[in-house]
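Colleague: Take this structure first; my questions come after.
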Amino acid sequence: MLEQVRLIERVREVCRADSRVEAALMYGSFADGSADEHSDIEFWMFFTAVPADPRAWIELVSPVTHLVRNEFGAHVAFFPGLIRGEFHFAGTADIAAVRDWPAGAIVPVVDRHGRLEQARPQGVTDRTADVCGRFANWLLLAHHVGQRGEVLRQRDALAHAQRHLLWMARLAEGRTEHWLTPSRQAEAELSAATIAALSRTHEDVSAAWQAGRALWIKLDPDPPELLLAELDRALGS
């Protein structure tokens with residue numbers, strides 16, 4: 002048995018034993034059945050009274066080596082064996098918002114009054130956004146800050162550009178199953194040619210433009226020719 006599975010069972014036990022937990026759910030790879038020994042465990046808990054000490058609550062599950070509140074408001078626990086656990090502590094008023102989440106697998110852990118079942122995600126994952134234009138936005142930022150000599154900032158912008166390149170590639174190849182995290186299983190799901198084309202796009206603006214330009218033309222029957230021409234002159238066609 003994976004240690005993560007044991008921890009998941011402990012979360013279930015702790016949630017059931019805590020009368021303040023109105024509802025709780027698991028999401029992520031253990032919810033959708035794709036987990037392996039490298040996977041995190043991820044939960045939302047909805048309390049009638051949110052615990053004042055998240056670490057103390059999590060340590061009812063298992064001792065942790067460290068706990069940090071991340072930039073999205075989740076408490077990330079580091080369990081022995083370098084296992085990550087992501088815990089969102091929320092009030093019961095937030096249960097209804099689950100309905101608006103992007104469609105995805107969730108597993109109810111506790112649902113004392115059926116409110117979670119009524120609020121299963123109905124949101125539609127938006128695959129129609131202008132990912133090509135958003136790619137160009139990050140790419141142009143990377144170009145300008147690189148010209149200024151801000152190499153580390155350029156790499157940060159290129160990381161965002163590459164995420165959009167992956168969305169573009171998934172659209173072009175019809176492989177949108179991991180849309181919310183486009184890098185997930187990309188090597189297995191995208192063509193070898195695409196993976197090769199993206200191999201340096203996280204560090205090279207020109208390489209990112211070559212890959213992005215080809216995908217943009219494939220996806221958009223009416224691309225912005227003036228912008229493409231300017232980018233060609235600046236970055237190479």
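As numbered in this note's numbering, residues 2 to 238 make up the sequence shown, in order. Where is the CB? At the ideal position from N, CA and C, for every residue including glycine. Predicted model only: the values in this text are computed from it and were never measured.
(1) Quick check on DSSP: helix, strand or coil for F136?
(2) On the DSSP bridge assignment, give the partners of F44 in chain order.
(3) By Cβ distance, which residues of its chain are closer than 7 Å to W58, with the 5 residues on each side in sequence left out?
(4) Does the separation of the CB atoms of V206 and L140 fall below 9 Å?
(5) Using three-state DSSP, classify P1 as helix, strand or coil.
(6) Would you mind sorting M169 into buried or exposed? The rule is 16 or more other CB atoms within 10 Å of its CB.
(7) If you run the structure through DSSP and keep just helix, strand and coil, what is H39?
(8) Quick one: what does DSSP say D205 is sitting in, helix, strand or coil?
(9) Where do the N-terminal and C-terminal ends of the beta strand (DSSP E) with L68 fall, by residue?
(10) What span of residues does the alpha helix (DSSP H) with D157 cover, start to end?
(11) So, under 8 Å CB-CB, V152 and A32 are touching, yes? Tell me the CB distance rounded to an integer number of Å.
(12) Can you tell me whether G213 sits near the ligand ATP, meaning its C-beta is under 8 Å from at least one heavy atom of the ligand?
(13) Give the straight-line distance between the Cα atoms of Q186 and L228, rounded to the nearest whole angstrom.
(14) Assign V62 to one of three DSSP states: helix, strand, or coil.
(15) Can you say whether I218 is buried or exposed, counting buried as having 16 or more other CB atoms within 10 angstroms of its CB?
(16) Kindly indicate the opening and closing residues of the alpha helix (DSSP H) around V108.
(17) Go to I9, then tell me how far its alpha helix (DSSP H) extends in each direction, as first and last residue.
(18) Rounded to the nearest angstrom, what separates T93 and Q119 at their Cα positions?
(19) Which stretch, first to last residue, makes up the alpha helix (DSSP H) that contains D233?
(20) Taking its Cβ as the centre, do 16 or more other Cβ atoms sit within 10 Å of F90, making it buried, or is it exposed?
(21) Since S192 and E174 should fall inside the 8 Å C-beta cutoff, what is the C-beta to C-beta distance between them, to a whole number of angstroms?
(22) Under 7 Å Cβ to Cβ from A97, same chain only, skipping five residues before and after it: list those, please.
(23) Please report the distance separating the alpha-carbon of H145 from that of P222.
(24) Once you ignore the five residues that flank A75 on each side, which residues in its own chain have a CB closer than 7 Å to its CB?
(25) By how many angstroms is the C-alpha of R176 removed from the C-alpha of E190?
Modeller: Once the coordinates are examined:
(1) Your numbering for residue 136 matches position 135 in the sequence shown. Helix at F136.
(2) In the sequence shown, residue 44 corresponds to position 43, counting from 1. DSSP lists M27 and F88 as partners of F44.
(3) By 1-based counting over the sequence shown, the position of residue 58 is 57. Result list for W58: P52, in chain order.
(4) Within the sequence shown, numbered from 1, the residue matching residue 206 stands at position 205. Within the sequence shown, numbered from 1, the residue matching residue 140 stands at position 139. Cβ distance < 9 Å, so V206 and L140 count as in contact.
(5) Because the chain here runs from 2 to 238, residue 1 falls outside it and cannot be looked at.
(6) One-based indexing of the sequence shown puts residue 169 at position 168. Buried.
(7) Along the sequence shown, one-based indexing puts residue 39 at 38. Residue state, collapsed to three classes: coil.
(8) Numbered from its first residue, the sequence shown carries residue 205 at position 204. Coil.
(9) Against the sequence shown, residue 68 aligns to sequence position 67. Segment H67 to R70, the beta strand (DSSP E) holding L68.
(10) Within the sequence shown, the letter at position 156 stands for residue 157. Per DSSP, D157 belongs to the alpha helix (DSSP H) from V152 to E174.
(11) Numbered from its first residue, the sequence shown carries residue 152 at position 151. Numbered from its first residue, the sequence shown carries residue 32 at position 31. With 8 Å as the limit, V152 and A32 do not qualify as a contact, their Cβ atoms being about 39 Å apart.
(12) Summarising the ligand content, the structure contains no ligands, and the ligand ATP is consequently not present.
(13) Taking the sequence shown and counting its residues from 1, one reaches residue 186 at position 185. Taking the sequence shown and counting its residues from 1, one reaches residue 228 at position 227. The alpha-carbon atoms of Q186 and L228 are separated by roughly 32 Å.
(14) To locate residue 62, count along the sequence shown from 1; it is residue 61. In this structure, V62 counts as coil in the three-state DSSP scheme.
(15) Within the sequence shown, residue 218 is the residue found at index 217, counting from 1. So I218 counts as exposed.
(16) Translated into the one-based positions of the sequence shown, residue 108 becomes position 107. Note, V108: premise wrong, no alpha helix (DSSP H); beta strand (DSSP E) at I107 to D112.
(17) As a working note, residue 9 is residue 8 in the sequence shown. Counting along the chain, the alpha helix (DSSP H) containing I9 begins and ends at E4 to A18.
(18) On the sequence shown, residue 93 is found 92 positions in, with the first residue counted as 1. On the sequence shown, residue 119 is found 118 positions in, with the first residue counted as 1. The alpha-carbon atoms of T93 and Q119 are separated by roughly 13 Å.
(19) The sequence position of residue 233 within the sequence shown is 232, counting from 1. Note, D233: alpha helix (DSSP H), E226 to L236.
(20) Taking the first residue of the sequence shown as position 1, residue 90 is located at position 89. Under this definition F90 is a buried residue.
(21) Translated into positions along the sequence shown, residue 192 becomes position 191. Translated into positions along the sequence shown, residue 174 becomes position 173. So it is a contact: roughly 6 Å between Cβ atoms.
(22) Position 96 of the sequence shown, counted from the start, is the residue given in the question as residue 97. Cβ neighbours of A97 beyond the five flanking positions: A120.
(23) Looking up residue 145 in the sequence shown gives position 144. Looking up residue 222 in the sequence shown gives position 221. Cα to Cα, the separation comes out at about 28 Å.
(24) Numbered from 1 along the sequence shown, position 74 holds the residue referred to as residue 75. So the list reads E87, F88 and H89, once near-sequence residues are dropped.
(25) Walking along the sequence shown from the start, residue 190 turns up at place 189. Walking along the sequence shown from the start, residue 176 turns up at place 175. Near 7 Å, if we compare the C-alpha coordinates of R176 and E190.
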